[in-house]
Amino acid sequence: FDGTSGVQIVFNGKVILGTRARKTRTKSFQSFSSINYPYLAVIQDGHIIQYIN
Numbered sequence: 001f002d003g004t005s006g007v008q009i010v011f012n013g014k015v016i017l018g019t020r021a022r023k024t025r026t027k028s029f030q031s032f033s034s035i036n037y038p039y040l041a042v043i044q045d046g047h048i049i050q051y052i053n
């Protein structure tokens with residue numbers, strides 16, 4: 001994202017703040033989850049839909 005800083009994980013169409021990301025499954029495309037924090041954004045049809053600025 002423009003204007004953001006820090007570590008972010010993009011996995012299976014979801015953008016997760018790095019400090020809130022946890023690996024919750026080992027054999028799934030939904031391997032990472034955001035713990036006690038909303039997703040920063042999602043990617044749909046090649047477009048970023050930003051939830052948190």
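43 is the number that the working numbering gives to position 43 of the sequence shown; each next residue is one higher, with no gaps. C-beta: ideal position from N, C-alpha, C; glycine also.
Applying the 10 Å Cβ sphere with the 16-neighbour rule, what's the burial state of F32? When all chains shown are included, F32 counts as buried.
Environment of G15 [buried if 16+ CB atoms lie within 10 Å]: According to the sequence as given, residue 15 is Val; it is not Gly. So V15 ends up on the buried side.
Chain-order list of residues whose beta-carbon lies under 8 angstroms from that of Q44 (same chain, five-residue window excluded): Its chain contains G13 as the residues whose beta carbon lies nearer than 8 angstroms to that of Q44, once the 5 sequence neighbours on both sides are disregarded; these appear in chain order.
Between the alpha carbons of T4 and K27, how many angstroms are there, rounded? Rounded to the nearest angstrom, the two C-alpha atoms are 30 angstroms apart.
Can you round the beta-carbon distance between A41 and I49 to whole angstroms, since I take them to be within the 8 angstroms contact cut? In this structure, A41 and I49 form a Cβ contact; the two beta carbons are roughly 6 angstroms apart against a cut-off of 8 angstroms.
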